[in-house]
Structures are given as structure tokens and as C-alpha cells.
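Visitor: Just passing along the structure, written as C-alpha cells.
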Ligand code: B12
Ligand code: SF4
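Numbering (the numbering used here), first residue to last: 3 to 466.
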């Protein structure tokens, strides 16, 4: 059978092409069982003609869409513009999982997948190949011919990640993705996150299937995947995209020892600050780790605890950054502004904490309420979601859909634009000036204009 994946990547800040681990995993599983896959990647601008051409020339049996919530409106637009489709259509990914109502809301969509799709999609394709009715596959919700919906229960999370094939990079223009991010290849060795931050989808995703949510692959399987990718692509660095690479210290220890024995490519990771200490940071540095990306999100302990469900102290965050610095690891701090109940004064604490820690780089985004999350529910309950803004097509995380009495949209935008320059204004004037421009309304065109010297700018503003 032929399966065409459709991945929309529109209005995302930064301009880099992105890989999609979910599609990569699904494609690998289908190929392992003898099916053919292709990807139609919609990047830069909405181009329907190109998709129509791909469908007409390749004649897929199944159209498989994947979407996070901020991309779902583009999927809906494709259905509005193109259906009825001849191939069977299915949508999976975080949006379908968290907002299954989308099946009814999208005429022409035949099915959705709730949660992990590795075996459900394979079983769907096998059932369609046998020309049988696919309405009893666990995790899939399917529209029957009479218009009713078969809502099948979900199977447990797949327990042993090592028996899944490596994510397939071939349907992507993977060298272009590597090149668009300073020759960095992307990997993900785990699924799930042990924490339950109220603004993130993890606490909802973990409830969608029974079984163990946080799983890591075995180290030898991680190394085999790296070996495969670096032998086939021109790569200068690696980025392990796991939600929290340092969640399991025994994994980190084993990984670092094995990695340094075989590879010399620098790598970046994501980590929670309280999982970092001198011993872990020394080990990471020794293995070739270059940078640790750490979610700070907000600088007020009380606000983090009461509203964001993050129970660590500022001292723990500062200790995590200090451990990285001591070991010689670069740091990047992720922050968010515009949370429900946040005020300009609370945001100032985020500026102050970052200024004190002086990370090598900072990133800020504006809060987006994702379906089913505790904070999205709070926004609905408090009437914070502004209906006129809710359907807006702005670049994600650069504007707010909330209308709150204590923190106006104008104030949120101001804080977003001035955050990074305020963090650095005492420590590094050139960083402060550049970041003021980067986060200004001219930031996106500026990034495109300065593309030829982006390596120099990155070294100047991020230290890597
Ligand atoms: C890695 C990652 C990225 C990477 C890769 C993006 C990508 N699209 O995969 C990058 C950095 C590029 C990225 C960007 C963004 N991300 Co992101 N990202 C993640 C992260 C940390 C892991 C996702 C992952 O790869 N998991 C592993 C793979 C194997 O799982 P998976 O993708 O979920 O796929 C499985 C199932 O969902 C299902 N499935 C998926 N697609 C399909 C399709 C079909 C047909 C079927 C049957 C099944 C199926 O089967 C797959 C295999 O089991 C998650 C957090 C998380 N824990 O989920 C956030 C997350 C997905 N990101 C999120 C967001 C919001 C974004 C951005 C919009 C941020 C922004 N404004 O810039 C962009 C959107 C980019 C885009 N066009 O999709 C949110 C989504 C929330 C939501 N409700 O939709 C998440 C959940 C984090 C959060 N804050 O809650 N992201
Ligand atoms: S630690 Fe990060 S990935 Fe994990 S739940 Fe919190 S925000 Fe989400």
C-alpha cells in the first residue's frame, strides 16, 4: 500500500525546516512491513497545487496527516479546499489525541488516531489492504458509512522502544533540515516526560493510554541510530530533542560512556534544572555535550508552584545553570510570558532570574493554551480566551489569544519584545541590542535578511 504523509509547518518562528519524529517512526514501521511511504511537507507558504500534484502523480491509498494544535487549522483548510479525497484519510498527532472532536468537525476526514500510532496505523493499512472494514482497531476513531463513529479503546503505550525501527529520515529532505540548523542532526531517544507542567501537553497525553508513559531506548540502540545517520549525512553536531534527556541518571551515565568511546560530534540536550548537578554536567561535558537547553519558564517560585505546577525553587534553577557553567557547558534558557494570572511584576521576576544567571542565550515565547491542558481549562473558565484572537494566524508564540484584566495584550507584547534585551543589558550590550531587534515586529524579515551571516550571529548571541 502507498501512504502519503502530509506535514504542515507554517507560521513557525525561526525559518528552519523541521524534522517530524512521529512521521519518521510511522514511516519506518510501515516500510518494515513492506509498504511504500512518501512525505508532502508544506513549509513556508500554503501551497495547495503542489499537494494536488503529489496526490495525482503518486496515487496514494492512504493520506496520513499529522498536526499539533497550532497547525490544525491548516489541515482543516486542506480538507475544505480539496475533499472529497479518493484515498482513505487519517489524522494523528497531538491535536487529534487531545481534541478528538476534530473528527466530526472535519468533513472528509475518515479517522483519527488517539496517542501512539506505530501499530494502529500499520493495522489500518493492513486492514484496508485486505479490503476489510477498519472499524475495530485500538486507538483509532473511525467514521462509519452511516455517519456514526467507532470510538475504539486505546492500547497501552508501547513498552519497549527498542523493538520499534529507527525513525525514517528518508522521506524528508533530511540534509536540508540538517543544514538549516547549522548542520545539526536531530534525535529522540525517549518518549514522554516525568513532569506535569500545567501549560504543557504531557500531563494530558500520559492519560490517553494505559501503561508506562516515560520510556527510554537502550543505549546501544541510540548509538546504532546515530551511527546510521552520521554515516549517510553531512553532520557537524547532534541535538537530542528528548523532553528531558537527564531524567534518568543511569541512562545518562551509560550513554555518555558509550558515546565518547565512538563519536566526537558535539551534542545539545534539553534538561530540567533539578536533574543537573556537578557530576552529571562533568559527565556530559566529557562526552562532548556542548549546550544544555533548560526550561525556566517563569522566575517566580510561587507562581511556578501555584499556576504552572513546577515545584522547584529558584535556588535549584540557579544551581542547575551554575553546574553547567562550572563544567564548561553552554546554556540556553527557555521562557514564557503571558500566562493566565501573570502580571508585569511577575514577569519582571523572570527577567531578574535570567539576568542573575546570565545564560549564554535566552528564548522567550508567548503562552499558547493547548487543548485539554490544565491552563487551557483555566483560560476557558476565567473567560480569558479572546474569541477575535482565537482563530488568528500569527506566527506561533509571538502573540497572545488571551484577554486578561491584569496583563493586557499590549503589555504582554511589550514584555515579549524587551525580555531578552532586558536580561542582557547589563552584561552584554551587543547581545541586548541584537535581541531587541530580533524580538521586534521586524524580527522575522530581519532573520531572513541576515541568513548569510547567521553563523556569526549565533556565535555572537548564543556562544555556539
Ligand atoms: C520534538 C518536538 C518538536 C520538534 C519536532 C516537531 C514535530 N512536529 O514533531 C520541533 C522543535 C520542530 C517542534 C516544533 C513545534 N512544536 Co513541538 N514538540 C516536540 C516534543 C518535545 C516531542 C514530540 C515528538 O517527537 N515525540 C515523539 C514522536 C515519536 O511522537 P509524536 O510526534 O507524538 O508521534 C506519535 C503519535 O503522536 C502518533 N502520530 C503522530 N502523527 C501521526 C499521524 C498519523 C496519521 C497517525 C496514525 C499517528 C500519528 O504516532 C506517533 C508515533 O507513535 C513534544 C512534546 C511531547 N512530549 O509530545 C512537543 C510538542 C509536540 N510541540 C508542541 C508545539 C506547540 C510545537 C510548535 C507549534 C511550537 C511553536 N510555536 O513553534 C512547533 C510546531 C511545528 C510543527 N509544524 O509541527 C506542543 C503541541 C501541543 C499541542 N496540543 O498540539 C508539544 C506537545 C509540547 C507542548 N508544549 O505541549 N516540536
Ligand atoms: S518539564 Fe518540559 S516537557 Fe516536561 S512537562 Fe514540563 S514543560 Fe513539558
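For every residue, glycine included, the Cβ atom is placed at its ideal position computed from N, Cα and C. These numbers were taken from a predicted model, which means no experiment stands behind them.
#1: Using C-beta distances below 7 Å, list every residue in its chain close to residue 124, excluding the 5 sequence neighbours before and after it, in chain order.
#2: Excluding five sequence neighbours on each side, which residues of the same chain lie with their C-beta closer than 6 Å to the C-beta of residue 465?
#3: Under the rule that 16 or more other beta-carbon atoms within 10 Å means buried, what is residue 212, buried or exposed?
#4: Would you verify that the beta carbon of residue 331 is, or is not, closer than 7 Å to some beta carbon of chain C?
#5: Just to confirm the assignment: which complete alpha helix (DSSP H) runs, minimum length 4, are found wholly within the segment 331 to 376?
#6: Just to confirm my understanding: we take residue 231, look at its own chain, exclude 5 residues before and 5 after, and list those with CB closer than 6 Å. What are they?
#7: Just mark residue 407 as buried or exposed, buried being the case when its beta carbon has 16 or more other beta carbons within 10 Å.
#8: Taking all protein chains shown into account, do 16 or more other C-beta atoms lie within 10 angstroms of the C-beta of residue 373, making it buried, or fewer, making it exposed?
#9: Within the chosen definition, does the segment 191 to 198 reach the segment 237 to 256 through at least 3 CB pairs nearer than 8 Å?
#10: Taking the beta carbon of residue 178 as the centre, do at least 16 other beta carbons fall within 10 Å, making it buried, or is it exposed?
#11: Under the criterion of a Cβ to heavy atom distance below 6 Å, does residue 418 qualify as lining the ligand B12?
#12: According to DSSP, is residue 47 helix, strand or coil?
#13: Give a single yes or no on whether residue 23 has its beta carbon closer than 6 Å to a heavy atom of the ligand B12.
#14: Since residue 112 and residue 92 should fall inside the 8 Å C-beta cutoff, what is the C-beta to C-beta distance between them, to a whole number of angstroms?
#15: Under 6 Å Cβ to Cβ from residue 163, same chain only, skipping five residues before and after it: list those, please.
#16: Just mark residue 226 as buried or exposed, buried being the case when its beta carbon has 16 or more other beta carbons within 10 Å.
#17: In angstroms, rounded to a whole number, what distance separates the CA positions of residue 308 and residue 314?
#18: Does the Cβ of residue 97 have 16 or more other Cβ atoms within 10 Å, making it buried, or fewer, making it exposed?
#19: Taking C-beta to C-beta, are residue 294 and residue 271 nearer than 7 Å?
#20: Whose C-alpha, out of 280, 222, 267 and 279, is nearest the C-alpha of residue 260?
#21: Return the CA-CA distance between residue 82 and residue 344, expressed in angstroms with no decimal places.
#22: Tell me which same chain residues have a C-beta within less than 6 Å of the C-beta of residue 253, skipping the five on either side of it?
#23: Taking 6 Å as the cut-off, does the CB of residue 297 come closer than this to any heavy atom belonging to the ligand SF4?
#24: What would DSSP say about residue 221, mapped onto helix, strand or coil?
#25: Quick one: is the Cβ of residue 372 within less than 6 Å of any heavy atom of the ligand SF4?
#26: Please classify residue 351: is it buried, with 16 or more other beta-carbons within 10 angstroms of its beta-carbon, or exposed?
#27: Let me check you understand the geometry: is the CB of residue 183 closer than 6 Å to at least one non-hydrogen atom of the ligand B12?
#28: So the beta strand (DSSP E) residue 262 belongs to, where does it begin and stop?
#29: Could you tell me which residues DSSP puts in a beta bridge with residue 406?
#30: Regarding residue 398 and the ligand B12, is the C-beta to nearest heavy atom distance less than 6 Å?
#31: Could you tell me the distance, in whole angstroms, from the CA atom of residue 287 to the CA atom of residue 264?
#32: Taking C-beta to C-beta, are residue 122 and residue 100 nearer than 7 Å?
#33: Is it the case that the Cβ atoms of residue 9 and residue 75 are separated by a distance below 7 Å?
#34: When the distance is taken between beta carbons, is residue 90 closer than 7 Å to residue 70?
#35: Please state whether DSSP places residue 279 in a helix, a strand or coil.
#36: Compute the Euclidean distance between the alpha carbons of residue 438 and residue 370, then round it to the nearest angstrom.
Guide: Inspection of the coordinates gives the following:
#1: What you label residue 124 is simply residue 122 of the chain shown in a count that begins at 1. Here the set comprises 31, 32 and 35.
#2: On the chain shown, residue 465 is found 463 positions in, with the first residue counted as 1. Within the same chain, Cβ atoms closer than 6 Å to the Cβ of residue 465 are found at 332 and 362, the five residues on either side in sequence being excluded.
#3: Translated into positions along the chain shown, residue 212 becomes position 210. Label assigned to residue 212: exposed.
#4: The displayed structure is made up of one protein chain only, and chain C is not part of it.
#5: Unbroken alpha helix (DSSP H) stretches of 4 residues or longer found wholly inside the segment 331 to 376: 346 to 359, given in chain order.
#6: Taking the chain shown and counting its residues from 1, one reaches residue 231 at position 229. Annotation for residue 231: 187 place their beta carbon closer than 6 Å to its own, counting only its chain and skipping 5 residues before and after.
#7: Translated into positions along the chain shown, residue 407 becomes position 405. With fewer than 16 Cβ atoms within 10 Å of its Cβ, residue 407 is classed as exposed.
#8: Stepping through the chain shown from its first residue, residue 373 is reached at position 371. If you draw a 10 Å sphere on the C-beta of residue 373, you find 16 or more other C-beta atoms in it, and that means buried.
#9: Counting C-beta pairs closer than 8 Å gives three or more between the segment 191 to 198 and the segment 237 to 256, which meets the contact rule.
#10: For this step, residue 178 is matched to residue 176 along the chain shown. Under a 10 Å Cβ-count criterion, residue 178 is classified as exposed, with fewer than 16 other Cβ atoms of the shown protein chains found around its own Cβ.
#11: Along the chain shown, one-based indexing puts residue 418 at 416. Not so, every heavy atom of the ligand B12 lies at least 6 Å from the Cβ.
#12: For the purposes of this step, residue 47 is identified with residue 45 of the chain shown, where counting begins at 1. In this structure, residue 47 counts as coil in the three-state DSSP scheme.
#13: By 1-based counting over the chain shown, the position of residue 23 is 21. Relative to the ligand B12, residue 23 has its C-beta within less than 6 Å of a heavy atom.
#14: Here residue 112 refers to the residue found at position 110 of the chain shown. Here residue 92 refers to the residue found at position 90 of the chain shown. Their Cβ separation, rounded to whole angstroms, is 6 Å, which keeps residue 112 and residue 92 in contact under 8 Å.
#15: Stepping through the chain shown from its first residue, residue 163 is reached at position 161. These residues qualify, in order along the chain: 217 and 219.
#16: Residue mapping note: residue 226 aligns to position 224 of the chain shown, counting from 1. It is exposed - the Cβ of residue 226 has fewer than 16 other Cβ atoms within 10 Å.
#17: Taking the chain shown and counting its residues from 1, one reaches residue 308 at position 306. Taking the chain shown and counting its residues from 1, one reaches residue 314 at position 312. Rounded to whole angstroms, the gap between the alpha carbons of residue 308 and residue 314 is 12 Å.
#18: Sequence index remark: in the chain shown, residue 97 carries index 95 (1-based). Label assigned to residue 97: buried.
#19: Within the chain shown, the letter at position 292 stands for residue 294. Within the chain shown, the letter at position 269 stands for residue 271. Yes, Cβ-Cβ distance for residue 294 and residue 271 is below 7 Å.
#20: Along the chain shown, one-based indexing puts residue 260 at 258. Here the closest residue by C-alpha is 222.
#21: Within the chain shown, the letter at position 80 stands for residue 82. Within the chain shown, the letter at position 342 stands for residue 344. Answer to the nearest angstrom: the Cα atoms are 38 Å apart.
#22: Along the chain shown, read from residue 1 onward, the residue named residue 253 stands at position 251. Leaving aside the five residues that flank residue 253 on each side, the residues in its chain whose CB is nearer than 6 Å to its CB run, in chain order, 218.
#23: In the chain shown, residue 297 corresponds to position 295, counting from 1. For the ligand SF4, at least one heavy atom lies less than 6 Å from the Cβ of residue 297.
#24: Counting from 1 along the chain shown, the entry for residue 221 is found at position 219. Here residue 221 sits in helix by DSSP.
#25: Numbered from 1 along the chain shown, position 370 holds the residue referred to as residue 372. No, the Cβ of residue 372 stays beyond 6 Å of every heavy atom of the ligand SF4.
#26: Reading the chain shown from its first residue, position 349 is the one you call residue 351. The residue in question, residue 351, is buried, as its Cβ has 16 or more Cβ neighbours within 10 Å.
#27: For the purposes of this step, residue 183 is identified with residue 181 of the chain shown, where counting begins at 1. Every heavy atom of the ligand B12 is 6 Å or more from the Cβ of residue 183, so no.
#28: Walking along the chain shown from the start, residue 262 turns up at place 260. No beta strand (DSSP E) holds residue 262; the alpha helix (DSSP H) holding it covers 251 to 264.
#29: Working through the chain shown from its first residue, we reach residue 406 at position 404. Residue 406 is bridged by DSSP to 409.
#30: Along the chain shown, one-based indexing puts residue 398 at 396. Yes.
#31: Taking the chain shown and counting its residues from 1, the one referred to as residue 287 is at position 285. Taking the chain shown and counting its residues from 1, the one referred to as residue 264 is at position 262. So the two alpha carbons sit approximately 15 Å from each other.
#32: For the purposes of this step, residue 122 is taken as residue 120 along the chain shown, with counting starting at 1. For the purposes of this step, residue 100 is taken as residue 98 along the chain shown, with counting starting at 1. Here residue 122 is not near residue 100, since their CB atoms are 7 Å or more apart.
#33: For the purposes of this step, residue 9 is taken as residue 7 along the chain shown, with counting starting at 1. For the purposes of this step, residue 75 is taken as residue 73 along the chain shown, with counting starting at 1. Not a contact, by the Cβ cut-off of 7 Å.
#34: Here the question's residue 70 lines up with position 68 in the chain shown. Here the question's residue 90 lines up with position 88 in the chain shown. Not a contact, by the Cβ cut-off of 7 Å.
#35: The count along the chain shown starts at 1 and reaches residue 279 at position 277. Of the three classes helix, strand and coil, the one that applies to residue 279 here is coil, per DSSP.
#36: In the chain shown, the residue the question calls residue 438 occupies position 436. In the chain shown, the residue the question calls residue 370 occupies position 368. When only Cα atoms are considered, residue 438 and residue 370 end up about 22 Å apart.
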